[in-house]
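Heads up: the structure comes next, in structure tokens.
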Amino acid sequence: MTAHAESLHAVEGHDAHHEIEIPYTVHARPDTGLYNGKLGIWLFLASEVMLFGALFSTLILLRTSAPTWPRGWEELNITLATINTFNLIASSVTVVLAWANLRLGNLKRGKLFLGITLLCGFIFMGIKAVEYASKFQHHHYPSTNNFFATYFVMTGLHGLHVLGGMVVFTYLLLTADKWYAKNRDQFTNRVEVTGLYWHFVDLVWIFLFPTLYLL
Amino acid sequence: MTEHAEHADHHHGHDDSPEAVKKEIRKYLYVFYALAVLTGVTVWISTFHLPIHTAVIIALVVAVTKGSLVAAFFMHLISERKLIYAVLVLTVFFFGMLMWGPWHHRYDAEREWPGYDLHAAKPGAAAEPAEQHPQQPDKSHKSH
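Next comes the structure, spelled out in structure tokens:
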């Protein structure tokens with residue numbers, strides 16, 4: 173049933189069990205050339221660029237104006253952060269592999285890669301927790317100085333984004349069978365859009381890692 | 185946009201033929217290897233503890249290269265619709281403004297407060313410029 177016919181059907185109230193179908197979740201809108209979810213996520217990511225941009229901007233202002241500023245390796249654990257960088261890059265690959273397998277019609281492998289991505293998220297947050305615990309043990313808090321203030325705010329906000337992605341991956345995994353059977357293309361698009369968000373989270377880390385740890 | 189992408193499946197703008205998807209998977213793996221190598225390179229360079237200016241330039245070049253790989257291939261911006269490019273051109277412009285702002289301000293600080301030495305990496309040299317020169321408030325800010 174087409175989106176249009178389905179929504180009419182539901183609006184007319186002939187069948188209360190039918191939900192109103194959101195248009196253009198699968199097919200591209202003729203004027204944008206994109207399905208709505210994809211344009212939506214890109215607009216959201218554009219706003220996210222500005223959110224993190226403001227924090228990077230603040231960091232440049234604070235650091236260039238500060239008479240003293242520690243080099244990352246003096247205060248932070250580069251080994252843990254490097255492991256997390258590899259981990260996040262790997263998770264970016266697994267999420268595109270999940271999407272590619274769903275497009276090939278292989279739900280089982282698609283779910284496997286989604287699961288690995290989620291696992292990478294857990295590993296990332298676990299390592300982050302170890303890092304934070306060690307900072308607190310050494311009495312380094314956001315209030316300690318501008319270096320730790322920027323470190324905690326930027327990695328904290330990034331961590332929240334990782335957590336958000338993990339929630340969505342959990343939802344996708346739990347509903348995968350149902351959605352894939354109901355509307356394969358729509359589910360595949362959901363994975364693509366979530367993947368775009370996840371790559372952005374990876375992208376932010378690619379800049380956070382050298383900025384905070386290596387410089 | 186490539187000719188290939190234009191003839192792509194209209195459902196979600198990608199060619200879903202098994203050959204095309206398998207080719208993409210190979211491409212994703214190559215990008216992964218490149219990202220892993222570049223991560224190793226940037227960590228390795230950081231062990232030399234280079235002067236901050238050199239270190240920033242090198243780290244930025246590597247990070248921009250890695251970021252471009254992620255955006256171009258994982259986020260498939262290399263073959264995306266024009267509308268998304270339009271959104272991103274605006275984003276890049278305003279992001280550039282955000283980066284330019286504090287960088288520009290840095291030179292203002294040096295010019296406006298002659299006693300303010302940015303490169304004095306001595307703990308005792310941490311002078312508060314606004315307090316030292318109350319008659320020369322920072323023109324770009326209403327208050328401190």
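Protein sequences appear in the order of chains A and B. Everything in the first sequence is counted per our numbering, starting at 173 for the first residue and increasing by one. Everything in the second sequence is counted per our numbering, starting at 185 for the first residue and increasing by one. Ideal Cβ positions, reconstructed from N, Cα and C, are used throughout, including at glycine. A quick note: this is a predicted structure, and the numbers were derived from the prediction, not measured.
Using the C-alpha atoms, what's the distance from D199 (chain B) back to Y398 (chain A)?
-> Given a span of 173 to 387 for chain A in the structure shown, any question on residue 398 (chain A) remains unanswerable.
Proximity test, Cβ basis, 8 angstroms: T322 (chain A) and chain B = no
Kindly indicate which three-state DSSP category H198 (chain B) falls into: helix, strand or coil?
-> strand
Hey, T327 (chain A) and K300 (chain A) are a contact pair by Cβ (cut 8 angstroms); roughly how many whole angstroms apart?
-> 7 angstroms
Using a Cβ-Cβ cut-off of 6 angstroms (strictly less than) and excluding sequence neighbours within five positions of H371 (chain A), which residues of its own chain qualify?
-> S264
Between the C-alpha atoms of L384 (chain A) and A220 (chain B), what's the straight-line distance to the nearest angstrom?
-> 19 angstroms
Identify the continuous alpha helix (DSSP H) that holds H237 (chain B) and give its terminal residues.
-> I236 to L253
Using the beta-carbon count (16 or more within 10 Å), is H311 (chain A) buried or exposed?
-> exposed
Once you ignore the five residues that flank L253 (chain B) on each side, which residues in its own chain have a CB closer than 7 angstroms to its CB?
-> V215, A218 and L219
What are the boundary residues of the alpha helix (DSSP H) that includes L260 (chain A)?
-> I250 to R275
Inter-residue spacing [alpha-carbon to alpha-carbon] between A238 (chain A) and N317 (chain A) | 11 angstroms
Supposed contact pair V339 (chain A) and W271 (chain A) - C-beta distance, whole angstroms, cut 8 angstroms | 18 angstroms between Cβ atoms; not a contact.
What first and last residue would you give for the alpha helix (DSSP H) that runs through F216 (chain A)?
-> N208 to S237
Is M283 (chain B) helix, strand or coil when you go by DSSP?
-> helix
At which residues does the alpha helix (DSSP H) containing V373 (chain A) begin and terminate?
-> R356 to L380
Measuring alpha carbon to alpha carbon, tell me which of B:V205, B:K250, B:V271 and B:W284 ends up nearest V225 (chain B).
-> B:K250
Beta-carbon contacts of F359 (chain A) that lie in its chain and below 6 angstroms, excluding the five residues immediately before and after = W351 and Y352
Could you check if V313 (chain A) is buried or exposed, using at least 16 other CB atoms within 10 Å of its CB as the buried criterion?
-> The sequence shown places Tyr at residue 313 (chain A), not Val. It counts as exposed.
Alpha carbon of L248 (chain A) to alpha carbon of T266 (chain A), nearest angstrom = 28 angstroms
How should W144 (chain B) be labelled, buried or exposed, when 16 other C-beta atoms within 10 angstroms of its C-beta is the threshold for buried?
-> Chain B is shown from 185 up to 328; residue 144 (chain B) falls before or after that span and cannot be answered.
So which residues on chain A does W287 (chain B) lean against when the C-beta distance must stay under 8 angstroms?
-> I232 and T236
List the residues of chain A that E263 (chain B) touches, going by C-beta distances under 8 angstroms, in chain order.
-> It should be pointed out that residue 263 (chain B) corresponds to Ser in this sequence rather than to Glu. Chain A residues near S263 (chain B): none, gap ~12 angstroms exceeds 8 angstroms.
Neighbour-count burial assignment, L206 (chain A), 16 or more Cβ in a 10 Å radius | buried
Same chain, Cβ closer than 6 angstroms to Y323 (chain A), neighbours up to 5 away in sequence not counted | L384
First and last residue of the uninterrupted alpha helix (DSSP H) at E247 (chain A) | G244 to E247
8 angstroms CB neighbourhood of P307 (chain B) in its chain, flanking five on each side removed = At P307 (chain B) the pLDDT is 49, less than 50, meaning the model places this residue with poor confidence; the figure from the coordinates comes in the next sentence. No residues qualify anywhere along the chain.
Determine, using beta carbons only, whether A247 (chain B) and I378 (chain A) come nearer to each other than 8 angstroms.
-> yes
Cβ pair count under 8 angstroms reaching 3, the segment 228-239 of chain B against the segment 267-286 of chain B = no
When you compare only the Cα positions, how much space is there between T354 (chain A) and A256 (chain B)?
-> For the record, residue 354 (chain A) in the displayed sequence is Lys; it is not Thr. One C-alpha to the other measures close to 31 angstroms.
Helix, strand or coil at L222 (chain B) [DSSP, three-state] | helix
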